[in-house]
Amino acid sequence: MVEHELQLGWVDHELSEEFPELELWLMRVQARSGRSPDPVRERLRTLAGRITGGHVIHMRQDPVPWAYRVFWRQIGLDPDTTRTPVEQIALDRLQWGGLRSRNLLDDAITIAVWETGVPVIALDADLVGSQIGLRLTGDDELLGGSGRPLPERQIAVADEHNCLAVLSGEVADERGVTRSTTNMVIGAIQVKGVPRISVEEALWTVADTLSVGG
Amino acid sequence: MPEVLDQHRPTAPYPQGPPSRPPLAPRTRPDERPARRTLLDQVAHLERELSSLFVSTWPRKGFEFSVASRGGPRVLGLADLEELRDDLATRVDHARRSLSDRTYVEEKHRCRIEEMLLEPEKHKWVRIGNDDIGEPGCKHWHVTPRWGIFGMLMNWWRVKISSGCPLAEGHCAP
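Protein chains in written order, with the working numbering: chain E, 1 to 214; chain R, 1 to 174.
This is the structure we're talking about:
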């Protein structure tokens with residue numbers, strides 16, 4: 001197993017004052033996405049078999065999914081409209097009758113998010129700066145530097161130059177992982193009520209799953 | 001003694017009259033952090049109650065749990081947080097009342113099922129389903145005459161309990 005280093009991203013002063021326990025954890029991984037190998041597809045199938053209606057209903061009382069629901073509320077999102085990633089996976093599973101394999105990275109993120117409840121994003125490490133963190137958007141900022149305009153004072157994942165992703169999960173197209181990506185930055189948001197071990201597990205799960213794909 | 005009292009007599013604050021300019025306005029704004037912290041905690045508490053009510057209402061339908069978004073993800077202002085807290089409190093209150101009303105009616109239906117079973121002839125043609133008692137599934141209790149019209153004429157009534165939802169296979173599949 002390859003040892004990956006876990007890094008703590010910076011958090012803007014105003015944000016850390018409002019949410020003292022908000023943190024962004026990052027892990028740089030040398031890996032490619034692509035078609036998921038059979039073991040990953042099999043794991044996805046097994047996972048889908050474990051998701052039942054009763055489980056999904058009671059999920060919002062589990063500590064980690066609940067912590068993200070609360071955080072979603074506190075930052076002005078309605079978690080019943082803009083779902084937290086783990087609830088979105090559960091809903092997709094109930095609607096589609098299974099978890100569909102899309103590609104290795106997305107499958108790895110699905111597995112990690114479902115297993116831990118922690119939202120995870122991935123960026124192309126060669127297309128982003130070295131200092132990644134969380135801040136509020138300024139005037140006339142574009143997602144990824146040339147994407148859609150972002151409203152002022154939105155909470156975003158950013159590097160030294162650009163906003164890379166919106167906190168609710170939307171990643172800038174020009175900074176996200178593509179077929180040609182060989183180095184990735186995986187990020188996970190930690191909020192109040194979420195133990196660090198869950199965040200670490202989420203990042204390690206993604207890294208391990210990606211390593212299965214070679 | 002009068003000399004001593006005279007020494008302690010306060011002097012006028014502005015012997016030459018009040019200052020021409022008002023004192024400087026404070027440079028710092030009032031600290032909103034304690035209020036914000038309290039509001040954020042209240043939002044968390046209300047979200048827990050709402051989640052708990054959501055779980056309690058399942059599998060009943062017709063409840064509303066949505067609270068409008070505030071254009072996030074962003075740091076909400078004090079007024080936004082207050083509005084959010086109030087909306088959540090209203091939603092929790094409404095959901096709790098609706099659940100309480102619903103469970104009251106369900107309890108009545110349960111009692112009626114017992115009465116139907118004891119004295120079916122007093123509840124002719126009454127039909128109560130699982131929906132009416134807040135349980136999942138298609139089971140229902142139906143008071144029907146034994147042996148059709150003859151039973152009706154003789155006042156022989158019984159409660160028929162359905163065996164549940166139709167199977168997904170077979171001739172009569174839904």
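Backbone N, C-alpha and C define an ideal beta-carbon position, used for all residues, glycine too.
The structure presented is a predicted model; accordingly, all values stated were derived computationally and were not measured.
Using a 10 angstroms sphere on the CB of Trp156/R, the tally of other CB atoms stays under 16, which defines it as exposed. Ranking His13/E, Ile57/E and Arg196/E by CA distance to the CA of Gln7/E puts Arg196/E first. Using a Cβ-Cβ cut-off of 8 angstroms, Val92/R does not count as an interface residue toward chain E, since no Cβ of chain E sits closer than that to its own. One Cα belongs to Ser163/R, the other to Ser100/R, and the distance between them is close to 29 angstroms. Spatial neighbours of Ser36/E in its own chain (CB-CB distance under 6 angstroms, excluding positions within 5 residues in sequence) are listed in chain order as Ser101, Leu104 and Asp107.
The continuous stretches of alpha helix (DSSP H) do not include Thr144/R, which lies in the beta strand (DSSP E) extending over residues His140 to Pro145. With distances taken between CA atoms, Glu170/E lies nearest to Ala158/E out of Glu115/E, Ala158/E and Arg45/E. Between the alpha carbons of Leu53/R and Val159/R lies a gap of roughly 34 angstroms.
For the region 35–50 of chain R, the beta-carbon criterion of a distance under 8 angstroms to any beta-carbon of chain E is satisfied by Arg36, Leu40, Val43, Ala44, Glu47 and Arg48. Trp58/R reaches chain E at Ile57, counting residues in chain order whose Cβ is nearer than 8 angstroms.
Assignment of Pro30/R by DSSP, reduced to helix, strand and coil, places it in the coil class. Residues are counted here when their Cβ sits less than 7 angstroms from a Cβ of chain R; for the region 63–82 of chain E these are Trp66, Arg69, Val70, Arg73, Gln74, Ile75, Gly76, Leu77, Asp78, Asp80, Thr81 and Thr82, given in chain order. Interface residue (Cβ-Cβ distance to chain R less than 8 angstroms): Gln88/E is not classified as such. The region 70–79 of chain E makes contact with the region 39–52 of chain R, as at least three CB pairs between them are under 8 angstroms.
Nearest to Thr137/E by alpha-carbon distance, out of Met59/E, Thr46/E, Val128/E and Glu152/E, is Glu152/E. A distance of 8 angstroms or more separates the beta carbons of Lys192/E and Ala112/E. Listed by position along chain R, the residues whose Cβ is nearer than 8 angstroms to that of Val166/E are Pro73. Assignment of Pro85/E by DSSP, reduced to helix, strand and coil, places it in the helix class.
The beta carbon of Ala95/R does not come within 8 angstroms of any beta carbon belonging to chain E, so the residue lies off that interface. The shortest CA-to-CA distance from Arg175/E to any of Gly97/E, Ser33/E and Val128/E is the one to Val128/E.
If you compare the alpha carbons of Val67/R, Asp132/R and Val75/R with that of Glu107/R, the shortest gap goes to Asp132/R. Boundaries of the beta strand (DSSP E) around Glu23/E: Glu23 to Gln30. Taken in chain order, the whole beta strand (DSSP E) runs of length 3 or more contained in the region 88–169 of chain R are 127–129, 140–145 and 157–161.
Residues of chain E whose Cβ lies closer than 9 angstroms to the Cβ of Ala68/R are, in chain order, Asp78 and Thr81. Judged by DSSP in its simplified three-state form, Asp124/E adopts strand. Rounded to the nearest angstrom, the gap between the Cα atoms of Ile132/E and Ile109/E is 19 angstroms.
Glu141/E carries a strand assignment under DSSP once its states are collapsed to helix, strand and coil. In the structure shown, Arg74/R adopts extended strand secondary structure according to DSSP, grouped into three states. Residue-level contact check: Arg148/E does not touch chain R, since none of the beta carbons of chain R fall below 8 angstroms from its beta carbon. The three-state secondary structure of Leu150/E, taken from DSSP, is strand.
Counting of Cβ neighbours within 10 angstroms places Arg179/E among the exposed residues, the total staying below 16.
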